[in-house]
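A short worksheet on the structure shown next.
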Amino acid sequence: MSKIVLITGASSGMGLATSKYLANNNFIVYATSRDISKLSNLNKTNIIPLSMDITSQESINRAVDIIYNKHKRVDILINNAGYGLVSTIEDMDEDEMLNQYNVNVFGLLRVCKATIGIMRKQNSGIIINISSFLGKIGLPLLTLYNSSKYAVEGITDSLRHELKDFNIRVHSILPGFFDTQFARDNLVTNLQTFDENSAYANLVSKLTPIIIEQINNGNDAQEVALMILKIINNDKFPVRATVGDKAKKFLPMRKELSDEDFERRVRQYYNI
Amino acid sequence: MESFFFNITDTSYKVTYLYSHKNEYIKRVDISNGIVFFNIFLQSNREKSFQINNLDRMVMIPVTKKGSLRLHDNIKDKVFEIKENTINIFTSSRQDLSFNISKAQNSEIFILFIADFVLKRYLSSKQTEIINFLYQNIQDEVSCELIDTKPTDALSLYIIDKILDSKSDDLMASIRCEHNILEFMIHRFNLVDMLDEELHDDEVCISRSAKDILLRSYINPPSIETLAHLCATNETKLKKVFKKVYNTTIYGYIQKLRLEKANLLLKEQYLNIGEIAREVGYKHQGHFSKLFFESFGVYPKDLLKK
Ligand SMILES: NC(=O)c1ccc[n+]([C@@H]2O[C@H](COP(=O)([O-])OP(=O)(O)OC[C@H]3O[C@@H](n4cnc5c(N)ncnc54)[C@H](OP(=O)(O)O)[C@@H]3O)[C@@H](O)[C@H]2O)c1
Chain A
0 MSKIVLITGA SSGMGLATSK YLANNNFIVY ATSRDISKLS NLNKTNIIPL SMDITSQESI
60 NRAVDIIYNK HKRVDILINN AGYGLVSTIE DMDEDEMLNQ YNVNVFGLLR VCKATIGIMR
120 KQNSGIIINI SSFLGKIGLP LLTLYNSSKY AVEGITDSLR HELKDFNIRV HSILPGFFDT
180 QFARDNLVTN LQTFDENSAY ANLVSKLTPI IIEQINNGND AQEVALMILK IINNDKFPVR
240 ATVGDKAKKF LPMRKELSDE DFERRVRQYY NI
Chain B
0 MESFFFNITD TSYKVTYLYS HKNEYIKRVD ISNGIVFFNI FLQSNREKSF QINNLDRMVM
60 IPVTKKGSLR LHDNIKDKVF EIKENTINIF TSSRQDLSFN ISKAQNSEIF ILFIADFVLK
120 RYLSSKQTEI INFLYQNIQD EVSCELIDTK PTDALSLYII DKILDSKSDD LMASIRCEHN
180 ILEFMIHRFN LVDMLDEELH DDEVCISRSA KDILLRSYIN PPSIETLAHL CATNETKLKK
240 VFKKVYNTTI YGYIQKLRLE KANLLLKEQY LNIGEIAREV GYKHQGHFSK LFFESFGVYP
300 KDLLKK
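In order, the protein sequence lines correspond to chains A and B.
Mapping of the first sequence onto numbering that gives the first Met the number 0: position 231 corresponds to residue 230, and the numbering continues sequentially without gaps.
Mapping of the second sequence onto numbering that gives the first Met the number 0: position 228 corresponds to residue 227, and the numbering continues sequentially without gaps.
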């Protein structure tokens, strides 16, 4: 019997690549998006586009109900939807601040809330959170994005305990930079921070081109899809995985080096 | 984010050939994420070089068994000539280094790289210990600093052979190899004299001249009384200073010098054990062998066999 997958933010990038790959591997994939017209020309029998806005519990529940009514189960949840706010803390406004966490953190929790009950009753399930290697590094201008991914890391660690008795495993994937729509569509910038007279203008002009360049020359989203299948197929898979060759040394380094030494490397790497 | 270390993500004891042609090679072995060695064996009488350009805090120990190399620090534009038959301790915390192995009929070179976080596990509560000194040294900005250079000795080669002889498919390969590397580090670090910075001038002065005299005369050393006299001090003071500076008695120090000399003579392979014992001032070969074992953990005959 094919396993049922629910994945968020499936209209592009890692979400889209994963949906296709899992569909090809005999999973039934519910590919959710705020705008399913973007998924309309996929034409794959195993991918079912579903409208979902992760900032609304109602919208999430509606989508999950559709899946549950059809299959009476959800086997795998992949929390992938997310975007990045580029703003200094001094410049950010209230909405920018709330919205970043509303999507990357609360959105993820809402989808968990809607599906965990089903997984608990079926006594099995896998939750895979797409975090980021930035969920273990601090960077200027990305305080909100990075800390939202730190939060995802904490959610993974905590939920593992909370759900272990129900045979539900929880993992994080920490991608390095990947060439997706992320830098093109999903980096939201604060106008004041990017104003040429901003006190942070120097930092902005140094860091942002590097980040955008690294994302656009990043790895292929397909690698994330492969990693997700590996995690699904291996009961004993470690809590976290990094993907992307640049990120490979990352977790061991973060563990072994002192905070100060790690910071030194980050500064050199990003020229800050 | 690149690093010279952290090369092992899914295996331990990872062997990478940086160069290989017929029976020549430059082999990199990663024992763990913070311990790497290069095993270099060249015969073609051509220069070979490789670069290390990173942001790693590390101690590097090149050992030249045969052949020599030139180490170019590209940050400070400084050259270190590493001669044949030497063991050298370098430190670096940010490096752009070129290792150029000189033209030679035969080059056999071993280079050990140890990350600072490995040293950190073994720091002593005594700040003056060499391991603390090395660790502290690389917490600052150092592109490449030569800390110590000494002739190659028999025990070092013996331990290096053990390191090189281990294979990736040996039982417990990684821990065995790391064990041998730690043994090598202990032995080498032991040979570096560390002077406590808090010593008084007269203490430094007395210990230095006593050491100089003993270095010349340990085969047949003067009595403590004479030694004190030669150092312009008295016996009690001399003994006290010795204990404080070298952490041993005068007799213990003489013994250390004798055994270290014997260790170098064993490497030369010219003399047999009896001759070496007499050469460094012991009348009885058995007594010498026993002391050697107590100090180094192997018998001289084991080193001579190699
Ligand atoms: N690209 C990288 O270098 C990189 C590195 C590390 C981690 N990540 C993480 O990987 C995940 C996938 O990103 P990607 O690289 O594949 O980028 P992408 O191609 O831009 O896809 C991001 C997806 O997130 C959803 N999304 C964006 N803003 C949203 C919002 N305000 N509300 C709800 N959903 C929103 C979008 O879904 P819909 O438009 O379909 O609703 C979109 O499909 C994200 O969580 C991202 O943080 C990316």
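Where a beta carbon is used, it is the ideal one built from N, C-alpha and C, also for glycine.
Measuring from the CB of I129(A), is there a heavy atom of ligand 1 at a distance below 7 Å? Yes.
Out of curiosity, what's the CA-to-CA distance linking G273(B) and L302(B)? G273(B) and L302(B) have their C-alpha atoms spaced approximately 14 Å apart.
Let's see if you can read the secondary structure: which residues bound the alpha helix (DSSP H) around Q268(B)? Counting along the chain, Q268(B) falls outside any alpha helix (DSSP H), and DSSP gives it neither H nor E.
Kindly say whether N271(B), judged by its beta-carbon, lies nearer than 8 Å to any beta-carbon of chain A. Interface flag for N271(B) against chain A is unset, since no Cβ pair is found closer than 8 Å.
On the DSSP bridge list, what partners appear for M306(B)? Within the shown structure, residues of chain B are numbered from 0 to 305, placing residue 306(B) beyond reach of any answer.
Start-end ranges of the alpha helix (DSSP H) lying completely within the region 61-135 of chain A, minimum 4 residues: The region 61-135 of chain A contains these whole alpha helix (DSSP H) runs: 93-100 and 107-121.
Under the criterion of a Cβ to heavy atom distance below 7 Å, does P273(A) qualify as lining ligand 1? What is shown of chain A runs 0 to 271, which leaves residue 273(A) out entirely.
Any heavy atom of ligand 1 closer than 7 Å to the Cβ of S50(A)? No, Cβ of S50(A) sits at least 7 Å from all heavy atoms of ligand 1.
Figure out for me which residue from P48(A), K205(A), S123(A) and Y149(A) has the closest Cα to the Cα of I231(A). From the listed residues P48(A), K205(A), S123(A) and Y149(A), the smallest Cα separation to I231(A) is found for S123(A).
For the region 45-63 of chain B, enumerate the residues whose C-beta is nearer than 8 Å to any C-beta of chain A, in chain order. Cβ contacts with chain A come from L54 and R56.
E222(A) CB to nearest chain B CB: under 8 Å? Cβ-Cβ to chain B under 8 Å: no for E222(A).
Neighbour list for N32(B) in chain A, Cβ cutoff strictly below 7 Å: Going along chain A in sequence order, the residues near N32(B) (Cβ under 7 Å) are P251 and E255.
Taking only runs that begin and end inside the region 2-65 of chain A, name each unbroken alpha helix (DSSP H) of 4 or more residues, in chain order. Within the region 2-65 of chain A, the complete alpha helix (DSSP H) runs of at least 4 residues are 12-23.
Looking at the structure shown, is P139(A) part of a helix, part of a strand, or coil, going by DSSP? It is coil, neither helix nor strand.
N136(B) lies in the beta strand (DSSP E); which residues open and close that run? N136(B) -> not in any beta strand (DSSP E); alpha helix (DSSP H) instead, spanning I129 to N136.
For R239(A) and chain B, any beta-carbon pair shorter than 8 Å? No, R239(A) does not count as interfacial toward chain B.
Take T31(A) as the anchor and find which of N68(A), K2(A), L76(A) and M0(A) has the nearest alpha-carbon. Across the set N68(A), K2(A), L76(A) and M0(A), the C-alpha of L76(A) shows the shortest separation from the C-alpha of T31(A).
On the DSSP bridge list, what partners appear for F36(B)? For F36(B), which the question treats as bridged, DSSP gives the partners V28(B) and L111(B).
Does the region 113-132 of chain A come within contact of the region 154-164 of chain A, defined as at least 3 CB pairs closer than 8 Å? The region 113-132 of chain A is in contact with the region 154-164 of chain A.
How about R61(B) and N87(B): are their beta carbons less than 8 Å apart? Checking the sequence, you will find Pro at residue 61(B) rather than Arg. Yes, these two residues count as a Cβ contact at 8 Å.
Bridge-paired residues (DSSP) for F291(B): DSSP lists no partner for F291(B).
Assuming contact is defined by CB atoms lying nearer than 8 Å, are I100(B) and K166(B) in contact in what I supplied? Not a contact, by the Cβ cut-off of 8 Å.
Cross-chain neighbours of S2(B) in chain A, by beta carbon under 7 Å: Going along chain A in sequence order, the residues near S2(B) (Cβ under 7 Å) are K248 and M252.
For V151(A), count neighbouring Cβ atoms within 10 angstroms of its own Cβ and tell me buried if that reaches 16, exposed if not. It counts as buried.
Three or more beta-carbon pairs under 8 Å between the region 36-45 of chain A and the region 74-93 of chain A, yes or no? With contact defined as three or more Cβ pairs closer than 8 Å, the region 36-45 of chain A and the region 74-93 of chain A are not in contact.
Give every residue of the same chain whose Cβ lies closer than 6 Å to the Cβ of A103(B), excluding the five residues on either side of it in the sequence, and list them in chain order. Only G66 meet the Cβ criterion.
Between the region 109-140 of chain B and chain A, which residues of the former have CB atoms less than 7 Å from a CB of the latter, in chain order? If the cut-off is 7 Å between Cβ atoms, the region 109-140 of chain B has F116 near chain A.
With the cut-off set at 8 Å, would you say L256(A) and F3(B) are in Cβ contact? The beta carbons of L256(A) and F3(B) sit no closer together than 8 Å.
Along the chain, where does the beta strand (DSSP E) that runs through I205(B) open and close? Counted as a single uninterrupted DSSP element, the stretch harbouring I205(B) is not any beta strand (DSSP E) but the alpha helix (DSSP H) occupying residues D200 to S216.
Taking Q267(A) as the query, report the chain B residues whose CB atoms sit under 8 Å from its CB, ordered along the chain. Within 8 Å Cβ-Cβ: L54.
For the 8 Å Cβ check, are there 3 or more pairs between the region 222-238 of chain B and the region 184-193 of chain B? Three or more beta-carbon pairs separated by less than 8 Å are not found between the region 222-238 of chain B and the region 184-193 of chain B, which leaves the two stretches without contact.
Give me the Cβ distance between C230(B) and S208(B), rounded to the nearest whole Å; I'm assuming they're in contact under 8 Å. Right, their Cβ atoms sit about 5 Å apart.
For I59(A), which residues from the same chain have a beta carbon less than 7 Å from its beta carbon, with the 5 sequence-adjacent residues on both sides left out? Non-local beta-carbon contacts of I59(A) in its own chain, meaning distances under 7 Å to residues more than five positions away in sequence, involve M51, I53, R109, V110 and A113 in chain order.
Measure the alpha-carbon distance for R33(A) versus V223(A) and round it to whole angstroms. Rounded to whole angstroms, R33(A) to V223(A) spans 22 Å at the Cα level.
Does any CB atom of chain B fall closer than 8 Å to the CB of R263(A)? Yes, R263(A) counts as interfacial toward chain B.
Opposing strand residues paired with Q254(B) [DSSP bridges]: DSSP output for Q254(B) lists no bridge partner at all.
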